[in-house]
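Trainee: Each residue of the sequence shown is one higher than the one before, counting from 55 in the working numbering.
Note that the Cβ used here is the ideal one computed from N, Cα and C, for glycine as well.
Bear in mind that the values here come from a model prediction, so they are computed numbers and not experimental data.
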Amino acid sequence: MGLTVVALYLFTRDRWPLELTSLGLLALMAVGFALFPFQSFDPLHLFAGFAHEALIAVCALMVLGQGLVHTGALEPVGRMLGKLWDKTPLLSFLAVLVVGAVLSAFVNNTPIVVLLLPILVSVCMRSGSPASGVLMPMGFATLVGGMATTIGTSTNLLVVSVAADLGLEKFGMFDFALPAVIAGAVATIYLWLIAPRLLPEREMALVDSSPRLFEARLLLPEQSPACGKSLAEAIALGGGRMRVIRIRRGDAFVTPLPDVTLKAGDQLRVKDTPQKLKEFEETLGAVLYSGDQRVDEDNPLTAGNQVLAEIAVVQGSILDRSNLAYSRFIDRHQLAALALHRAGKDILKPHEEIADVVLQAGDILLVQGAKAQVAELKQSTEFVVLDASIDLPRTDKAYTALVILVAVVASAALGLMPIAISALAGVCFMLLFRCLSLGGAIRAISPSVYFVVVASLALGMALLETGATAYVTDLFLALTAGASPVFVLSALMALLAIMTNIISNNAAAVIGTPIGVGIAVSLNLPAEPFVLAVLFGANMSYATPMAYKTNLLVMSAGNYTFSDFMRVGVPLTVLMWLTLTWVLSAIYF
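1) Can you give, in chain order, each stretch of the alpha helix (DSSP H) that sits fully within the stretch 526-604 and has at least 4 residues?
2) Do the CB positions of Ala-601 and Asn-555 come within less than 7 Å of each other?
3) Which partner residues does Leu-322 have in the DSSP bridge list?
4) Are the beta-carbon atoms belonging to Ala-393 and Leu-373 less than 7 Å from one another?
5) Name the one or two DSSP bridge partners that His-395 has.
6) What would DSSP say about Ala-390, mapped onto helix, strand or coil?
7) With 16 as the cutoff for other CB atoms within 10 Å, does Met-630 come out buried or exposed?
8) Which residues does DSSP list as the beta-bridge partners of Leu-253?
9) Looking at the structure shown, is Lys-330 part of a helix, part of a strand, or coil, going by DSSP?
10) Rounding to the nearest angstrom, what Cα-Cα distance links Leu-586 and Phe-230 in this structure?
11) On the DSSP bridge assignment, give the partners of Thr-315 in chain order.
12) Label Asp-644 either buried or exposed according to how many other C-beta atoms from any shown protein chain fall within 10 Å of its C-beta, with 16 as the threshold for buried.
13) Cβ of Pro-312 within 7 Å of Cβ of Ala-286?
14) For Arg-669 and Ser-376, what's the separation of their Cα atoms in angstroms?
15) Exposed or buried, Asp-618, counting other C-beta atoms within 10 Å across all chains shown (16 or more means buried)?
16) Glu-22 bridges to which residues according to DSSP?
17) Cutting at 8 Å between CB atoms, please list the residues of its own chain near Lys-317, excluding the five before and the five after it.
18) Between which two residues does the alpha helix (DSSP H) harbouring Phe-505 extend?
19) Buried or exposed for Leu-355, please, with buried defined as at least 16 other CB atoms from any protein chain shown within 10 angstroms of its CB.
20) Looking at the strands, I want to know which residues DSSP matches up with Val-308.
21) By alpha-carbon positions, which one of Thr-635, Leu-189, Ser-639, Tyr-596 ends up nearest to Met-620?
22) DSSP three-state label for Leu-342, please.
23) Under 8 Å: do the stretch 523-535 and the stretch 222-238 share three or more Cβ pairs, one atom per stretch?
24) For Gly-521, is the classification buried or exposed, using 16 other Cβ atoms within 10 angstroms of its Cβ as the cut-off for buried?
25) Closer than 8 Å is the cut-off here; do at least three beta carbon pairs connect the stretch 161-171 with the stretch 191-206?
26) Distance check for Pro-568 and Thr-523, CA to CA, integer angstroms please.
27) Just the C-alpha distance for Asp-417 and Gly-572, rounded to the nearest angstrom, thanks.
28) With a floor of 3 residues, list each beta strand (DSSP E) that falls wholly inside the stretch 178-224, ordered by position along the chain.
29) Cβ atoms of Phe-590 and Leu-634: under 7 Å apart, would you say?
30) Since Val-588 and Leu-550 are thought to touch, with beta carbons under 8 Å apart, how far apart are those beta carbons, to the nearest angstrom?
31) Less than 8 Å between the CB atoms is what I'm expecting for Ala-498 and Gln-120, so what's the real figure, rounded?
32) Which residues share a DSSP beta bridge with Phe-437?
33) Per DSSP, what kind of secondary structure is Arg-382 in: helix, strand or coil?
34) By alpha-carbon positions, which one of Ala-108, Met-192, Val-152, Phe-225 ends up nearest to Thr-209?
35) Alpha carbon to alpha carbon, how far is Ser-443 from Met-547?
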């Protein structure tokens, strides 16, 4: 139980990356059992998660989803929805919700959100309607749709695999699709008609009219017309609208007074929109400066067709709780980070460069580089490119990628082979037919998901072997003593729904599954409804932006606040909880 408390505490902390927390927890358990042996339990068994079929299936499905993104296989769907929106916005929004939910039943929802997000913002800009009313409902629709099949989410795969390890008959691909579809229909109506009215109108636009203010540095070279002039005169050169926060001269700082004389080598810290920053760079003959990487003619980053783009950092990406220097962002992507935006905050400290700032999920970077490099970045699930003008390459591999995915799903659904085997075979075919490069396949695997799954499986094994699961089961039954089976099932689902919005949904699923099975055995009831209560509850990641990666994507793009997620997510959680309680009780009791 002590390990469980430590695990829950660590998973709720934002101080460390999830992969580091998971790896540390795994090491802590292994060392603990090695130093303090528990009966005949071998601590090496804790590493079995690295070869668990659920982990193999999760990673393979992430790669398959990336293959669809890389080939542009889903782009026709996005373009069709965009055209339909101009004719009937309300019905088109419903179509977006339904399409997002259906696709997410078979593909990881992150690429679905990455596909639909810029399309929705673009059509909202054209129609003059607030994008904040549709982005969050779209994100939630993909989460709801992921409940319908065993491969819809990593949570589903874990619950199904852990339940099978405990002796239950393995769920088929669509065995719990009926309750998920019924609850999904109710949720879709709520997201379509009610959720947009609960969300406040917030300003939202893409690169062409972005209201975001980025912090950047302008370096004055010797040939700059601003050199030798006062700050007031330099501001006048920039149209009188430039806001200078601080002037750095060597290792010292100069107060930005109107009469201070500017010199070559001065760095002006300014804050404005991307378009204004580029205007200031041109009128002052300055250089947008990013640490040791400057955007000038001697830098290969500026070669070719250059574009500016805003990219949002995604939870679990290599930049989440890291910095540009440590992650070697410029070397890896050949893009220069010129400026940085964090909602409601000034980020840069006096002596701090952009490359040294510890980034968070939701931060937005202004980058410059070749259009091909920005397009390549859009294929990554680690970032969201908030620029509708950057399109995915159309390749002749799109049809091949779709056929491979359909074959993977069909072979698993028909029982020809387990999903871990069919998905892994699908990855091999994706690589063989060059739908995806080996590097792209490796980048598609989220380190945070990988290590959270391994640590969660190890934690579940430790709880089971030490009897902690039985203890929690007895405690839960004592608290619900005398209650009907429906009430017990409903309470279990509610508990998991709360846990999944606080800790990792995968951890909640692995901890909750043996508890659900134990409750069913103690009550002499079928285990399936209680396992499904855990599965559905662990998927209800609606109430907080940290609960799921795509929540952070739409939070950044839609300029949402924490309270916005509570306002829409809590009613959705309650609605799903009540609906699924009713459906499961009607089917099983």
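Mentor: Quick look at the numbers:
1) 539-554, 559-576, 582-592
2) Start at 1 with the first residue of the sequence shown, and residue 601 comes out as number 547. Start at 1 with the first residue of the sequence shown, and residue 555 comes out as number 501. A contact, by the Cβ cut-off of 7 Å.
3) If you number the sequence shown from 1, residue 322 lands on position 268. DSSP lists Leu-272, Ile-301 as partners of Leu-322.
4) Counting from 1 along the sequence shown, the entry for residue 393 is found at position 339. Counting from 1 along the sequence shown, the entry for residue 373 is found at position 319. Result no, Cβ atoms of Ala-393 and Leu-373 do not sit closer than 7 Å.
5) Position 341 of the sequence shown holds residue 395. Beta-bridge pairing links His-395 to Ile-418.
6) In the sequence shown, the residue the question calls residue 390 occupies position 336. It is a strand residue.
7) The count along the sequence shown starts at 1 and reaches residue 630 at position 576. With 16 or more Cβ atoms within 10 Å of its Cβ, Met-630 is classed as buried.
8) On the sequence shown, residue 253 is found 199 positions in, with the first residue counted as 1. DSSP output for Leu-253 lists no bridge partner at all.
9) The residue you call residue 330 lines up with position 276 of the sequence shown. Residue state, collapsed to three classes: helix.
10) For the purposes of this step, residue 586 is taken as the residue at position 532 of the sequence shown. For the purposes of this step, residue 230 is taken as the residue at position 176 of the sequence shown. Between Leu-586 and Phe-230, the C-alpha separation is close to 8 Å.
11) Reading the sequence shown from its first residue, position 261 is the one you call residue 315. DSSP, once it has assigned bridges, lists Ser-284 as partnering Thr-315.
12) Lying outside 55 to 643, the shown extent of the chain, residue 644 is not represented and no answer is given.
13) Here the question's residue 312 lines up with position 258 in the sequence shown. Here the question's residue 286 lines up with position 232 in the sequence shown. In this structure, Ala-286 lies closer than 7 Å to Pro-312 by Cβ.
14) Look at the range of the chain in this structure, 55 to 643, and you will see that residue 669 is not part of it.
15) Your numbering for residue 618 matches position 564 in the sequence shown. Classification of Asp-618: buried, given that the 10 Å Cβ count is 16 or more.
16) Residue 22 is absent from the structure shown; the chain starts at 55 and stops at 643.
17) Mapped onto the sequence shown, residue 317 falls at position 263. Once the five neighbours on either side are set aside, the close Cβ partners of Lys-317 are Leu-274, Cys-281, Gly-282, Arg-303.
18) Here residue 505 refers to the residue found at position 451 of the sequence shown. Run containing Phe-505: 501-520, per the alpha helix (DSSP H) assignment.
19) Within the sequence shown, the letter at position 301 stands for residue 355. Only weak support is given to the placement of Leu-355: the predicted model assigns it a pLDDT of 44, under 50, and the question is left unresolved by the model.
20) Here residue 308 refers to the residue found at position 254 when the sequence shown is read from its first residue. According to DSSP, which records beta bridges pairwise, Val-308 is partnered with Ile-301.
21) Taking the sequence shown and counting its residues from 1, the one referred to as residue 620 is at position 566. Selected option, being the one with the closest Cα: Tyr-596.
22) Numbered from 1 along the sequence shown, position 288 holds the residue referred to as residue 342. If DSSP states are grouped into helix, strand and coil, Leu-342 belongs with the strands.
23) no
24) As a first step, residue 521 is located in the sequence shown; it is residue number 467 there, counting from the start. With fewer than 16 Cβ atoms within 10 Å of its Cβ, Gly-521 is classed as exposed.
25) yes
26) Against the sequence shown, residue 523 aligns to sequence position 469. Against the sequence shown, residue 568 aligns to sequence position 514. If I take the Cα positions, the gap works out to 7 Å.
27) The sequence position of residue 417 within the sequence shown is 363, counting from 1. The sequence position of residue 572 within the sequence shown is 518, counting from 1. Distance between the alpha carbons of Asp-417 and Gly-572: 43 Å.
28) none
29) Position 580 of the sequence shown, counted from the first residue, corresponds to residue 634. Position 536 of the sequence shown, counted from the first residue, corresponds to residue 590. Yes, the pair counts as a contact, with Cβ atoms nearer than the cut-off.
30) The residue labelled residue 588 in the question sits at position 534 within the sequence shown. The residue labelled residue 550 in the question sits at position 496 within the sequence shown. Val-588 to Leu-550, Cβ: 5 Å. Contact.
31) Here residue 498 refers to the residue found at position 444 when the sequence shown is read from its first residue. Here residue 120 refers to the residue found at position 66 when the sequence shown is read from its first residue. 3 Å between Cβ atoms; contact.
32) Taking the sequence shown and counting its residues from 1, one reaches residue 437 at position 383. Val-367, per the DSSP bridge assignment.
33) As a first step, residue 382 must be located in the sequence shown, where it is residue number 328. Correct three-state label for Arg-382: coil.
34) Position 155 of the sequence shown, counting from 1, holds the residue named residue 209. Comparing Cα positions, the closest option is Ala-108.
35) Looking up residue 443 in the sequence shown gives position 389. Looking up residue 547 in the sequence shown gives position 493. Below a pLDDT of 50, predicted positions are generally treated as unreliable, and Ser-443, at 44, falls in that range; the measurement from the model is reported next regardless. So the two alpha carbons sit approximately 43 Å from each other.
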